[in-house]
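For reference, the structure is listed below as structure tokens.
In UniProt numbering, the protein residues as written are 1 to 450.
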């Protein structure tokens, strides 16, 4: 179904709506040097990013920081709130806009912040008997219960899932502990609208291929076949949309760690898009999330672009970049992708220069992709392909009098009548297309130049 953008305001006020691309929230690399890339991020419902990190040149204790609109300030104690040996940091925002963290410090711990940091459960919030490797956290939208998956080191690094029961104020096992047949790596977790947890992981019992399991109320069972794709799976990420469709994004070592996205159709794992591989180079530190309208977005460290960050979304049966490819200033590790309640997109990551890694957060106003979108039955005007690197073409039944392309400063870059437009000389970024028809009507479109 085709969508077109109808904006009944002047061109230059329209440009201000579309001017935003990926922008740093505060300064880039705003933190001290990050210890061993130990970093994660979440976003509050009203669009305030919170990072959870360890800075090796200040304090060895993990700490949280929130962006207050001007600066990154302490979220809780300035000198941190853990024991000082934290790793495997995970942070999420719950349904009440409180922040939940889990971390490893020889054992697994959980805390929640409302007016201050409080332990999740007794015993200082401990939920494991030993180390919790490849840990991942999600908060159920239905119950508000936090769920955590990890490779359970005291139990030969097999998968264990626990949830914090908010009513009982206690951690509970979800099914048996250490329920997989062998070692797991790159574990990731999501919960559907029926409170069914799913995990994806590298399955060492099946030649390190990717597997997905769900808890059926009694046991953990495979979703489709276990190890359903040949090749060693790495950097797995799982997400579930409002229709309870399960998607996974991961790298396959056999194809140079290029990114693969699959969804479960009820019987099999099928491609999302025209091909199995969706990235041009290696993809690591992968993330997949859904927007409010169930559009899947993926973020990854892009091996085809100097290890910088790239974000893509699935639209009109194919994958397209969100902003330009490789948009961060430096190479990136440990990515974290989130939406706020207004649909704005945030990406947190540890960003490198020639010396060290430091925390960066960037924001993309996704209204630049869909402001005032209206579905017209007569498909009055279409711009394709979008984004584009070389040419765009205007499709309309109307007679065209003039086509102009403006940058986000309002400067005209192209003026012509021919419907096929060479945009290869334009710099990468967001542009505004103005089309005037022979009857004097003006249509405004946005397109992205790769």
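No residue lacks a Cβ here, since even glycine has one placed at the ideal position from N, Cα and C.
- Leaving aside the five residues that flank residue 180 on each side, the residues in its chain whose CB is nearer than 6 Å to its CB run, in chain order, 158, 159.
- Positions of the beta strand (DSSP E) runs, each at least 3 residues long and wholly inside the region 330-356, are given as 332-339, 345-352 in order along the chain.
- The region 183-193 and the region 129-139 touch, with no fewer than 3 CB-CB distances between them shorter than 8 Å.
- Counting the other CB atoms within 10 Å of its CB gives residue 199 a total of 16 or more, which places it among the buried residues.
- The beta carbon of residue 320 sits closer than 7 Å to those of 312, 313, 387, all from its chain and outside the five residues before and after it, given in chain order.
- Straight across, the Cα-Cα distance linking residue 316 with residue 295 is about 10 Å.
- Residue pairing by DSSP places residue 362 opposite 24, 347 in a beta bridge.
- When Cβ pairs closer than 8 Å are counted between the two stretches, the region 149-158 is seen not to touch the region 112-120, the count staying below three.
- It is roughly 21 Å from the alpha-carbon of residue 280 to the alpha-carbon of residue 210.
- Rounded to the nearest whole angstrom, the C-alpha separation of residue 437 and residue 426 is 24 Å.
- Per DSSP, the unbroken beta strand (DSSP E) holding residue 212 starts and ends at 209-215.
- Listed in chain order, the beta strand (DSSP E) elements of length 3 or more contained wholly in the region 199-280 are 209-215, 220-222, 233-240, 246-252, 258-264, 269-271.
- Cα atoms of residue 122 and residue 43: separation of roughly 27 Å, rounded to the nearest angstrom.
- Within its own chain, the residues whose Cβ lies closer than 8 Å to the Cβ of residue 166, once the five positions on either side in sequence are excluded, are 143, 144, 145, listed in chain order.
- Rounded to whole angstroms, the gap between the alpha carbons of residue 271 and residue 263 is 7 Å.
- DSSP places residue 150 inside the beta strand (DSSP E), whose first and last residues are 146-152.
- In this structure, the alpha-carbon of residue 392 lies about 40 Å from that of residue 68.
- Going by DSSP, residue 321 is part of the beta strand (DSSP E) stretching over 318-321.
- If you check the CB distance, residue 24 and residue 360 come in under 8 Å.
- Residue 274 sits away from residue 203, with the two beta carbons spaced by 8 Å or more.
- Rounded to the nearest whole angstrom, the C-alpha separation of residue 428 and residue 80 is 40 Å.
- For residue 293, the closest of 184, 218, 343 by C-alpha to C-alpha distance is 343.
- Note on residue 221: under 16 other CB atoms within 10 angstroms of its CB, so exposed under the neighbour-count rule.
- In the same chain as residue 118, and ignoring 5 residues on each side of it, the C-beta atoms closer than 8 Å to its own belong to 111, 112, in chain order.
- The three-state secondary structure of residue 159, taken from DSSP, is strand.
- DSSP lists 102 as the bridge partner or partners of residue 110.
- In the DSSP assignment, residue 433 is bridged to 405, 445.
- For residue 68, the secondary structure class from DSSP, reduced to helix, strand or coil, is coil.
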